[in-house]
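Enquirer: Here it is: the structure, laid out below.
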Amino acid sequence: MAPAATPTTLAVIFPILSLGAVSARFVARQKRRHPYKPDDWVVVAALILCVANGVALLVGAIHGRIGKKQPLNAHGLPVINSQYKIFKKTVYSMEILTTAAIATARLAILLFYHRIFSGRLFKAWVWLLYALNGIWGIAYIFVFMFPCKPIHAWWDYARGDPSRKCFPIEIQEVYAGSSIAIDVLMLVIPWPQILKSMMSKREKAGVLAIFGLGALVIGVACAKANEFFKVAAIMKSGRHTSVDEAVALYYALTESCVAVVCACLPTLRPLFESRSLESVLGTVRSMLRSRSSRSSKSSSHRSDDEKRLDTPKSEKSGKSGKSMPRVLHGTAGSMSDMPDLGPFMTDAASSKDHTRTSKTEIRSDEHIV
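Take the sequence shown: its letter number 347 is residue 347 in UniProt numbering, and every next letter is one higher.
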């Protein structure tokens with residue numbers, strides 16, 4: 001029987017997106033000729049966990065009927081067969097991998113914050129988030145590693161079986177809520193530093209927009225939490241939950257991969273500098289001005305030739321010393337023949353802003369690269 005299309009598609013697309021984001025991050029570092037930093041290598045670890053998460057979902061979709069209903073016995077409980085065991089083992093592994101991937105991606109973001117921002121109060125907040133994220137990650141990895149006593153009861157017995165002794169479902173609800181709280185804190189702590197910096201309003205808006213893309217992770221985390229609460233309500237009612245658990249797994253994979261992508265976004269600026277919109281518009285303006293300059297040159301030459309034909313030789317010799325400077329001033333000395341400096345002026349202004357910014361909270365040598 002063919003696997004369900006939804007988990008198969010998600011298991012392929014999102015790890016590839018994460019791989020592309022991390023690859024672009026390293027290309028951007030090479031373009032600036034900056035050495036690799038700890039946050040670069042930590043995000044690679046998060047990528048590996050994200051890819052492993054996708055592989056787990058793919059295996060579960062092919063061999064564990066993820067996305068499809070599991071067969072039930074006469075009591076309404078799942079039939080304990082090989083497919084059910086693979087399904088539950090997939091849930092087991094993905095809960096661990098998702099938690100590890102999210103915590104690792106957060107660590108990469110916090111290391112990035114620590115590297116580019118300064119200020120005693122800000123560093124205190126970063127250290128607090130180091131602690132919160134570390135405690136959250138380690139605690140829930142251990143919870144998901146030992147969900148039942150014994151561990152194999154997680155997949156050898158169906159929920160509701162008296163031989164199955166596992167942690168209460170409320171732990172999942174606390175897990176989802178605490179994850180969102182940490183994400184919100186990580187999203188907002190850079191804002192005061194950016195707003196207090198000496199960048200222009202336009203640059204501040206751009207940087208805030210880049211960091212604000214972290215809200216994508218919060219959106220996915222909220223959707224995952226909603227599914228967790230749905231599954232918890234179904235479990236408390238004693239009904240079967242395999243299809244509902246599958247949807248929660250989809251969001252778990254999505255959240256872990258989107259976290260990796262968002263950790264890379266603030267570092268990708270060098271990839272877009274050389275072909276920015278302003279650069280393209282500047283090139284177009286330069287071409288148009290060159291054409292208008294050539295047309296003005298040809299028209300001025302034609303008018304001068306006509307005047308020389310209609311003027312006596314004595315008048316030509318008397319005016320030759322005046323007409324030539326006027327022609328030179330109207331052609332070679334014209335600003336319309338100068339190359340358009342719009343993109344270069346933008347880069348110069350940007351470098352000045354970075355110099356000023358180095359005196360505030362954002363370090364100029366480690367600005368968003």
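Glycine included, every Cβ here is placed at the ideal spot set by N, Cα and C.
1. On the DSSP letters alone, give me the boundaries of the alpha helix (DSSP H) that methionine 145 sits inside.
2. With a threshold of 8 Å, are at least 3 pairs of Cβ atoms found where one atom belongs to the region 33-50 and the other to the region 110-127?
3. How would you call alanine 74, buried or exposed, if buried means at least 16 neighbouring beta carbons within 10 angstroms?
4. Which residues bound the alpha helix (DSSP H) around methionine 186?
5. Hey, valine 260 and alanine 28 are a contact pair by Cβ (cut 8 Å); roughly how many whole angstroms apart?
6. By Cβ distance below 8 Å, which residues in the same chain neighbour alanine 100 in space, the five residues on each side in sequence not counted?
7. Would you check if there are 3 or more beta carbon pairs closer than 8 Å linking the region 116-132 to the region 60-68?
8. Does aspartate 183 pass the burial test, meaning 16 or more other C-beta atoms within 10 Å, or should it be called exposed?
9. Entirely within the region 193-226 and at least 4 residues each: give me those alpha helix (DSSP H) ranges in chain order.
10. Out of Ala232, Gln193, Phe211 and Cys257, state which residue places its alpha-carbon closest to the alpha-carbon of isoleucine 13.
11. Thinking C-beta only, is methionine 145 closer than 8 Å to leucine 249?
12. How far does the alpha helix (DSSP H) with asparagine 53 in it reach, from first residue to last?
13. Going by beta carbon distance, what residues of the same chain come within less than 7 Å of isoleucine 218, once the five residues before and after it are set aside?
14. When the distance is taken between beta carbons, is glutamate 255 closer than 8 Å to alanine 221?
15. In terms of residues, what are the limits of the alpha helix (DSSP H) holding lysine 68?
16. Just checking serine 82 against the ligand GDP - is the residue's beta carbon closer than 7 Å to any of the ligand's heavy atoms?
17. Using a Cβ-Cβ cut-off of 7 Å (strictly less than) and excluding sequence neighbours within five positions of tryptophan 154, which residues of its own chain qualify?
18. Using the C-alpha atoms, what's the distance from glutamate 203 back to leucine 77?
19. Isoleucine 96: buried (16+ other C-beta within 10 angstroms of its C-beta) or exposed?
20. As a quick exercise: from Leu107, Gly67, Pro192 and Arg32, pick the residue whose alpha carbon is nearest that of alanine 46.
21. Report, in whole angstroms, the separation of the C-beta atoms of leucine 57 and leucine 253, which I expect to be a contact under 8 Å.
22. Suppose contacts are defined by Cβ-Cβ distances below 8 Å. Is proline 173 in contact with phenylalanine 228 by that definition?
23. Here's the rule: buried if 16 or more other CB atoms are within 10 angstroms of the residue's CB, otherwise exposed. What is alanine 5?
24. Using alpha carbons as the reference points, say which of Asn81, Asn53 and Ile234 lies closest to arginine 65.
Expert: Result, derived from the coordinates:
1. It spans 120-145 - the alpha helix (DSSP H) in which methionine 145 sits, taken as one unbroken run.
2. Contact holds between the region 33-50 and the region 110-127, because three or more Cβ pairs, one in each stretch, are under 8 Å apart.
3. Result: exposed.
4. First-last of the alpha helix (DSSP H) with methionine 186: 170-188.
5. Not quite, the Cβ-Cβ distance comes to about 15 Å (not below 8 Å), so this is no contact.
6. Same-chain partners within the cutoff: Leu49, Gly137 and Ile141.
7. Between the region 116-132 and the region 60-68, the count of C-beta pairs closer than 8 Å stays below three; the two stretches do not touch.
8. Buried.
9. Fully enclosed alpha helix (DSSP H) runs of 4 or longer: 201-212.
10. Nearest neighbour of isoleucine 13 by Cα position, chosen from Ala232, Gln193, Phe211 and Cys257, turns out to be Cys257.
11. Not in contact: leucine 249 and methionine 145 (Cβ atoms no closer than 8 Å).
12. Asparagine 53: member of the alpha helix (DSSP H) spanning 38-63, first to last residue.
13. Ile180, Asp183, Val184 and Leu187.
14. Taking 8 Å as the Cβ cut-off, alanine 221 and glutamate 255 qualify as a contacting pair.
15. No alpha helix (DSSP H) holds lysine 68; DSSP gives it neither H nor E.
16. What this structure holds is no ligand at all, so the ligand GDP is not there to describe.
17. The answer, listed in chain order, is Lys88, Tyr92, Pro147, Cys148 and Cys166.
18. Distance between the alpha carbons of leucine 77 and glutamate 203: 58 Å.
19. The residue is buried, with at least 16 neighbouring Cβ atoms inside 10 Å.
20. Leu107 is the residue among Leu107, Gly67, Pro192 and Arg32 whose C-alpha sits nearest the C-alpha of alanine 46.
21. Indeed, because the Cβ distance is near 5 Å, the residues count as touching under 8 Å.
22. According to the sequence displayed, residue 173 carries glutamate and not proline. Yes, they are a contact pair.
23. Counting Cβ neighbours within 10 Å, alanine 5 comes out exposed, since fewer than 16 surround it.
24. Checked all of Asn81, Asn53 and Ile234; the closest Cα to arginine 65 is Asn81.
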